[in-house]
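Novice: Take a look at the following structure, please.
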Amino acid sequence: MKLCHEDEKIDGFKNILGLGINDCALSGKVPNWFSKLRNLQVLVLYNNQLSGPIPTWINSLNFLKYVDISNNSLSGEIPAALTEMPMLKSDKIADYTDPRLFQFPVYVGCMCFQYRTITAFPKMLNLGNNKLTGAIPMEIGELKALVSLNLSFNNLNGEIPQLVTNLRNLMVLDLSYNHLTGAIPPAMVSLHFLSEFNVSYNDLEGPVPSGGQFSTFPSSSFAGNPKLCSPMLVHHCNSAEAAPTSTILTKQYIDKVVFAIAFGVFFGVGVLYDQIIMYKYFG
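Using our numbering, read the sequence shown as starting at 83 and increasing by one per residue.
This is how it looks when you write it as structure tokens:
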């Protein structure tokens, strides 16, 4: 099944806020006429047979914040345009809202939520189970409003970008079943809202970060990476592999300690000076 021709008029759809065409056996590329849906906030196309690259016009949809195009046959690299989506880069909500209520189930990781308004939808990217290749772009760290990111079951390679630690609102991160290499960034322990994390069946190595939310993740989140080590895994870390403390967190801690010491010294000198002055005039 294919959607309407590119030149077909879409006057009746221009103000649509949410478009869900999932489980419809759609084939071919993602239609270009979607780019004319300027008020679109939610795009759901999962469980189809779509192919070709993720369209570069996706960043022109200024209000788009929820994208689920999982379980298709999309190919190519993750485009830079995907990391430039305005609504995923900031915490603002869309200016164009619709007061009408409805019920729509949304799955975020293992959790299911019922949403009654478009504005209540989480900011999410689900590109799982496609044929995407190449590295995860470093610019993914610009999407600071993301709540859920699923890139599982693709053919992605390279390392997990260090800038993923910028995604402070992230609750779900699934990178499983790819060909990722290198270490898990230690600074990821600073993602305090992260409740679901899965990097299983890659080629990661080194110690699993310790502390923070990482103490709550099951060993299955790291399965299929024989070069990873941790007390909870079959491969325990030796002294040379011991999980490093995040340099970012260490610097923050040192800065706080230095400030506390400096403040204490300054306060102590001030008190001593006052005592000397009081003794001089009243002693």
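Glycine included, every Cβ here is placed at the ideal spot set by N, Cα and C.
Pick out whichever of E159, N144, N104 has its Cα sitting closest to the Cα of V126.
Specialist: Nearest of E159, N144, N104 to V126, Cα basis: N104.
Novice: So what's V126 in DSSP terms, helix, strand or just coil?
Specialist: Note: V126 maps to strand in three-state DSSP.
Novice: Which same chain residues end up closer than 7 Å to S155 when comparing Cβ atoms and leaving out the 5 residues on each side of it in sequence?
Specialist: So the qualifying residues of the chain are Q131, L132, S133, N212, K213.
Novice: Considering only the alpha carbon of each residue, which of A305, D256, V246, T247 lies closest to P236?
Specialist: For clarity, residue 236 is Asn in the given sequence; the question names Pro instead. Selected option, being the one with the closest Cα: D256.
Novice: Within the same chain, show all residues whose beta-carbon is closer than 8 Å to that of L315, passing over the 5 residues directly before and after it, in chain order.
Specialist: Excluding residues within five positions, the ones whose Cβ falls inside 8 Å are V290, S301, F304.
Novice: Beta carbon of N307, beta carbon of L286: below 7 Å?
Specialist: Yes, Cβ-Cβ distance for N307 and L286 is below 7 Å.
Novice: Does P289 come out as helix, strand or coil in the three-state DSSP assignment?
Specialist: Residue state, collapsed to three classes: strand.
Novice: Among K205, L101, L245, whose alpha-carbon lies nearest the alpha-carbon of N232?
Specialist: That would be K205, whose Cα lies nearest to the Cα of N232.
Novice: Relative to the C-alpha of L310, which candidate in G100, V281, V254, M169 has its C-alpha closest?
Specialist: The candidate whose alpha carbon is nearest that of L310 is V281.
Novice: Could you tell me whether any non-hydrogen atom of the ligand FAD is closer than 6 Å to the CB of E221?
Specialist: Of ligands this structure carries none, so the ligand FAD is not represented either.
Novice: Is the stretch 159-173 touching the stretch 137-146, taking contact as three or more C-beta pairs under 8 Å?
Specialist: Enough Cβ pairs lie closer than 8 Å, so yes.
Novice: Could you check if N153 is buried or exposed, using at least 16 other CB atoms within 10 Å of its CB as the buried criterion?
Specialist: By the neighbour-count rule (16 or more Cβ atoms within 10 Å), N153 is buried.
Novice: Can you look up L366 in the DSSP assignment and give me helix, strand or coil?
Specialist: There is simply no residue 366 to check, as the chain begins at 83 and stops at 365 in what is shown.
Novice: Should K171 and E224 be called a contact, given that it needs their Cβ atoms to be closer than 7 Å?
Specialist: In this structure, E224 lies closer than 7 Å to K171 by Cβ.
Novice: Please check the pair L207 and V149, which I expect to be a contact at CB under 8 Å, by giving their CB distance rounded to whole angstroms.
Specialist: Sure, about 5 Å apart at Cβ, within 8 Å.
Novice: Could you give the residue range of the alpha helix (DSSP H) that holds K171?
Specialist: From DSSP, the alpha helix (DSSP H) with K171 extends over 168-171.
Novice: Taking C-beta to C-beta, are N248 and L262 nearer than 7 Å?
Specialist: Not a contact, by the Cβ cut-off of 7 Å.
Novice: According to DSSP, what are the bridge partners of M206?
Specialist: Y148, S230, per the DSSP bridge assignment.
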